[in-house]
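Remarks on the structure that follows.
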């Protein structure tokens with residue numbers, strides 16, 4: 010299902026087509042495709058080129074690993090067990106070189122993950138990031154070291170049929186995408202003063 | 010100047026071509042082009058669709074506003090005064106609805122900014138994000154409210170000629186782009202255990 014953004018200004022089709030569905034196909038995602046997704050994340054920019062991102066990855070063909078990662082999902086995100094691939098993004102909170110806190114750790118994980126989900130879109134895949142998961146359980150299950158934070162879980166796979174979803178989720182799947190217009194977050198001179206470029 | 014990523018796995022050309030140069034052309038960036046960049050940011054995903062990003066924007070045609078934003082740059086980033094457009098990303102640290110802390114505020118600003126810089130690449134523009142700026146000065150100059158953090162400054166414009174840079178920056182401009190390979194940050198099962206999909 011395509012659910013293109015209803016944009017006020019022209020943007021690249023790849024960006025307009027990216028969205029976060031809950032219906033995934035059972036089709037296995039090829040290993041080279043998965044490698045391309047993380048390769049895209051790899052080339053994101055980051056503060057001092059620190060690259061503070063890591064990912065745990067589990068595909069459904071490895072049942073025990075998939076179930077272990079899926080066991081971290083919040084009840085409200087159990088729909089994501091339908092996706093053939095789950096990932097967990099992790100932020101390194103300190104610079105490796107001098108152990109000082111990296112103020113941009115979460116931010117730079119976001120830069121990398123957006124590259125990942127755009128690459129997914131480019132390859133015909135769907136992606137859905139989730140804040141709802143058990144951070145401490147993930148930390149323990151995967152022995153994530155100190156000063157590293159589990160950030161978000163990500164469902165990945167080929168798009169599925171919205172009719173496969175329970176009724177409440179199907180409604181959300183078909184609802185229109187909504188965002189604040191840019192004049193609500195783009196300012197010139199002072200906070201809250203709409204940028205002069207917006208006609 | 011093009012400086013495509015030397016990728017181990019295929020990624021979309023838009024993602025491979027994005028990089029962070031310091032040489033910018035004096036050419037003015039059209040207002041509709043700027044609107045498209047922030048429109049791209051607008052359609053990024055975010056936790057609970059909170060959209061915790063805001064931006065302050067200044068173009069060189071408005072000298073006083075440009076100088077005010079440029080005055081926040083760290084000395085090491087004064088090269089960015091050559092760019093025709095500067096922006097500052099800002100994160101809303103709490104959810105607007107219930108004032109609870111948004112753990113993903115910085116992360117989601119990163120998602121939006123990556124959309125912005127990819128849209129810039131798609132339109133032939135260059136972008137360069139900078140952590141080096143005076144956060145408290147920016148907060149004061151632009152009356153950024155409490156529980157909102159200035160995150161990064163962003164230089165934007167059409168690409169320039171690397172010969173216009175001082176010698177030390179010109180060398181960095183021409184140096185090869187480098188990243189950790191994905192096996193260094195992509196794990197299965199346990200932290201530090203390379204993902205089985207990587208051949």
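Residue numbers (the working numbering), protein chains in the order written: chain G, 10 to 208; chain R, 10 to 208. Even for Gly, the Cβ is constructed at its ideal location relative to N, Cα and C.
Under 7 Å by beta carbon: chain R residues contacting residue i
i                      : result
residue 124 of chain G : 24 and 123
residue 41 of chain G  : 18
residue 151 of chain G : 199 and 200
residue 29 of chain G  : 54
Alpha-carbon to alpha-carbon, residue j and residue i
i                      : j                      : result
residue 81 of chain R  : residue 147 of chain G : 39 Å
residue 48 of chain R  : residue 156 of chain G : 35 Å
residue 74 of chain G  : residue 198 of chain R : 6 Å
residue 69 of chain G  : residue 63 of chain G  : 20 Å
residue 205 of chain G : residue 179 of chain G : 40 Å
residue 17 of chain R  : residue 117 of chain R : 27 Å
residue 43 of chain R  : residue 191 of chain G : 11 Å
residue 129 of chain G : residue 36 of chain G  : 15 Å
residue 120 of chain R : residue 12 of chain R  : 23 Å
residue 45 of chain R  : residue 159 of chain R : 22 Å
residue 124 of chain G : residue 166 of chain R : 21 Å
residue 56 of chain R  : residue 113 of chain R : 7 Å
residue 108 of chain R : residue 143 of chain G : 22 Å
residue 203 of chain G : residue 77 of chain R  : 17 Å
residue 60 of chain R  : residue 189 of chain G : 8 Å
residue 151 of chain R : residue 132 of chain G : 41 Å
residue 134 of chain R : residue 54 of chain R  : 23 Å
residue 89 of chain G  : residue 83 of chain G  : 10 Å
residue 115 of chain G : residue 115 of chain R : 6 Å
residue 145 of chain G : residue 106 of chain R : 26 Å
residue 126 of chain G : residue 19 of chain G  : 20 Å
residue 149 of chain G : residue 85 of chain G  : 21 Å
Contact list for residue i against chain R, beta-carbon separation under 9 Å
i                     : result
residue 65 of chain G : 195, 196, 197, 198, 199, 200 and 204
Per-residue contacts from residue i into chain G (C-beta, under 7 Å)
i                      : result
residue 128 of chain R : 20, 21 and 24
residue 131 of chain R : 21
residue 56 of chain R  : 140
residue 120 of chain R : 119, 122 and 123
Contacts of residue i in chain R (Cβ-Cβ under 8 Å)
i                      : result
residue 189 of chain G : 51 and 60
residue 48 of chain G  : 16, 17, 18, 19, 20 and 191
Anticipated Cβ contact below 8 Å, residue i with residue j, distance rounded
i                      : j                      : result
residue 200 of chain R : residue 153 of chain G : 5 Å
residue 99 of chain G  : residue 50 of chain G  : No, residue 99 of chain G and residue 50 of chain G are not in contact; Cβ-Cβ is about 12 Å, not under 8 Å.
residue 66 of chain R  : residue 195 of chain G : 6 Å
residue 110 of chain R : residue 10 of chain R  : That belief does not hold up - the Cβ atoms of residue 110 of chain R and residue 10 of chain R are roughly 42 Å apart, past 8 Å.
residue 14 of chain G  : residue 52 of chain R  : 4 Å
Closer than 9 Å at the beta carbon, the chain G residues around residue i
i                      : result
residue 161 of chain R : 56, 113 and 116
residue 108 of chain R : Those within 9 Å of residue 108 of chain R in chain G number zero; the least Cβ separation is about 17 Å.
Any chain B beta carbon closer than 8 Å to residue i
i                     : result
residue 44 of chain G : You won't find chain B in this structure, because its protein chains are G and R.
Residues that residue i contacts on chain G, provided the C-beta gap is smaller than 8 Å
i                      : result
residue 11 of chain R  : Chain G residues near residue 11 of chain R: none, gap ~14 Å exceeds 8 Å.
residue 74 of chain R  : 197 and 198
residue 154 of chain R : 200
Kindly confirm or deny that the stretch 21 to 39 of chain R and the stretch 171 to 184 of chain R touch, where touching means at least three C-beta pairs closer than 8 Å. yes
On the three-pair Cβ rule with 8 Å, is the stretch 175 to 184 of chain R touching the stretch 16 to 23 of chain G? They do not touch, by the three-pair rule.
Take every Cβ of the stretch 182 to 201 of chain R, pair it with every Cβ of the stretch 137 to 152 of chain R, and state whether three or more of those distances are shorter than 8 Å. no
Going along the chain, which unbroken runs of the alpha helix (DSSP H) with 4 or more residues stay wholly within the stretch 126 to 168 of chain G? 144 to 150
Within the stretch 12 to 85 of chain R, ranges of the beta strand (DSSP E) (whole runs, at least 3 residues): 62 to 68
The stretch 95 to 103 of chain R in contact with the stretch 88 to 103 of chain G per 3-pair CB rule at 8 Å: no
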